[in-house]
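Student: Quick one: this structure, given as structure tokens, is what I'll be asking you about.
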Amino acid sequence: MKPSHKSCEAAPLLPKMAETHYAPLSSSFPFVTSYQTGCSSLPEISRSTERALREGKLPELVCGIKETVATLSQNPVNIFVTGDSGNGMSSFINALRIIGHEEDASAPTGVVRTTQTRAEYSSSHFPNVVLWDLPGLGVTAQTVENYMEEMNFSMCDLFIIIASEQFSLNHVKLSKVIQDMGKRFYVVWTKLDRDLSMSALSEVQLLQNIHKNIRENLQKERVRDPPTFLVSNLDPLLYDFPKLRDTLHKDLSNIRCSEPLKTLYGIFEKIIGDKVAGWNQRIANECLKSSLGVRDDDNMGECLKVYRLMFGVDDESLQQIAQGMGTVVLEYKANMKSQSFHSLRREDWKLRLMTCPVANAFFCLFKCLPWLCPCFRRMRHKRMLLLVAQDTKSILEKILRDSVFPPQI
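Counting in our numbering, the sequence shown runs without a single skipped number right up to 1400 at its last residue.
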């Protein structure tokens, strides 16, 4: 006796119907994290950003990062569209590409199984993306594991699982396999127009029921809730189709840029760490006045200005960074501790303790001890240097993030 799968199998939400051969789509269709992907190489152009960071020229670094992101955005991305046979996968691909089913470049659709082998499609709406229309489960293999191997799931960057009528055991197994691979995937429920016409429930109730059905079946196999979209292949302007396209555009940027920019940020952290270590050595050697170009190395406010200039996070540089990123300077100053010595003391209790009146009085009282003054001064400067370096890392992280997803002003 074959084992029962009732724990994963969901009852059909609507009576089973033959797939409709849809009419041509309208051409007026308007066009938005880390995943395991193949897009992990860092463009050579990023090397110019390393030099700019070492020299404290963050406005120049902005240009290098933007060029790096522009290069990464050309990386190809493979999207697999899969699901049970007859769920409308080919129709969905045509709708996503904004072409009618009768056009020469369209994916073949019909009431019978039309996709027998894996087919690839492109779209001007998603440059450098290959949409793979896979044969439905049950056409080429008996198990999800065999299907996964035959379709070469390892080459895919993002999966779109198509469902209609019911969220079957095959859909759950696909979701589980893809999650275990560490890949990103969506669940797209198609033919919503037909569902609404057949159901006695209100639109709100039906949508809630479909979402609940998908979520509960995935939870049984401990699959995290994926982005789920309820759409009609007849009209990609309605329901969740616009949201789907926005999400896909954002995820394409993540897929292309996430790992390379993580690598780049790791390089930035090392450069900043080396810079802090070098300056700590100068502080230890009491070379502050000559190195910083200040008359009084006990004037923490003046020394802070020099440290900020040295790392490229002074007011003028921040203004240029904001202009280069197409935003306002407050976006970059908002979370900075080191805007001024007063703000730095307020935000950091260790520095506040080192520079409080009691500490200053103690410092002055024991100036006669030759070893105490340099030691106390080194502590202050090292702490201030570390805080400026932390602010620099935060600003670099924001630059990288805003380069991929520009802020909305």
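Ideal placement from N, C-alpha and C gives every residue a C-beta, glycine not left out.
Can you look up T1040 in the DSSP assignment and give me helix, strand or coil?
Tutor: Numbered from 1 along the sequence shown, position 49 holds the residue referred to as residue 1040. Of the three classes helix, strand and coil, the one that applies to T1040 here is helix, per DSSP.
Student: Work out the CA separation of Y1112 and L1283 for me, nearest whole Å.
Tutor: Against the sequence shown, residue 1283 aligns to sequence position 292. Against the sequence shown, residue 1112 aligns to sequence position 121. Cα to Cα, L1283 sits roughly 60 Å from Y1112.
Student: Please name the residue, chosen from I1151, S1076 and I1089, that lies closest to I1070 on a Cα-to-Cα basis.
Tutor: As a first step, residue 1070 is located in the sequence shown; it is residue number 79 there, counting from the start. Comparing Cα positions, the closest option is I1151.
Student: Given a threshold of 16 other Cβ atoms within 10 Å of its Cβ, counted over all protein chains shown, does W1270 qualify as buried or as exposed?
Tutor: Along the sequence shown, one-based indexing puts residue 1270 at 279. Buried, since its Cβ has 16 or more Cβ neighbours within 10 Å.
Student: Tell me the rounded alpha-carbon separation between Y1323 and D1382.
Tutor: Within the sequence shown, the letter at position 332 stands for residue 1323. Within the sequence shown, the letter at position 391 stands for residue 1382. Roughly 10 Å between the two C-alpha positions.
Student: With respect to the beta strand (DSSP E) encompassing G1269, which residues constitute its N-terminal and C-terminal limits?
Tutor: Along the sequence shown, one-based indexing puts residue 1269 at 278. G1269 -> not in any beta strand (DSSP E); alpha helix (DSSP H) instead, spanning F1232 to A1275.
Student: Could you spell out where the beta strand (DSSP E) holding F1071 opens and where it closes?
Tutor: In the sequence shown, counting from the first residue as 1, residue 1071 sits at position 80. Note, F1071: beta strand (DSSP E), V1068 to G1074.
Student: Can you tell me the Cα-Cα spacing of L1335 and S1159, whole angstroms?
Tutor: Position 344 of the sequence shown holds residue 1335. Position 168 of the sequence shown holds residue 1159. Distance between the alpha carbons of L1335 and S1159: 58 Å.
Student: Report yes if the C-beta distance between T1181 and S1155 is below 7 Å; otherwise report no.
Tutor: In the sequence shown, counting from the first residue as 1, residue 1181 sits at position 190. In the sequence shown, counting from the first residue as 1, residue 1155 sits at position 164. Closer than 7 Å, so yes.
Student: Look at the Cβ atom of V1214, then the Cβ atom of S1166, and state whether they are nearer than 7 Å.
Tutor: To locate residue 1214, count along the sequence shown from 1; it is residue 223. To locate residue 1166, count along the sequence shown from 1; it is residue 175. Yes, they are a contact pair.
Student: Secondary structure at Q1065, three-state DSSP: helix, strand or coil?
Tutor: Looking up residue 1065 in the sequence shown gives position 74. Q1065 falls in the coil class under three-state DSSP.
Student: Out of E1212, E1058 and E1194, which has the shortest C-alpha to C-alpha gap to H1162?
Tutor: Looking up residue 1162 in the sequence shown gives position 171. If we check each option's Cα against that of H1162, E1212 comes out closest.
Student: Determine the direct distance from the alpha carbon of H1372 to that of V1267, and round the result to whole angstroms.
Tutor: Taking the first residue of the sequence shown as position 1, residue 1267 is located at position 276. Taking the first residue of the sequence shown as position 1, residue 1372 is located at position 381. Distance between the alpha carbons of V1267 and H1372: 11 Å.
Student: My assumption, with CB atoms under 8 Å, is that L1183 sits in contact with L1221. Please give the rounded CB distance.
Tutor: Numbered from its first residue, the sequence shown carries residue 1183 at position 192. Numbered from its first residue, the sequence shown carries residue 1221 at position 230. Right, the Cβ-Cβ distance comes to about 5 Å (below 8 Å), so this counts as a contact.
Student: Where does R1175 sit, in a helix, a strand or coil, going by DSSP?
Tutor: Looking up residue 1175 in the sequence shown gives position 184. Correct three-state label for R1175: strand.
Student: For the structure I just gave you, are there three or more beta carbon pairs, one from the segment 1305 to 1316 and one from the segment 1342 to 1351, closer than 8 Å?
Tutor: Result no; under three Cβ-Cβ pairs closer than 8 Å.
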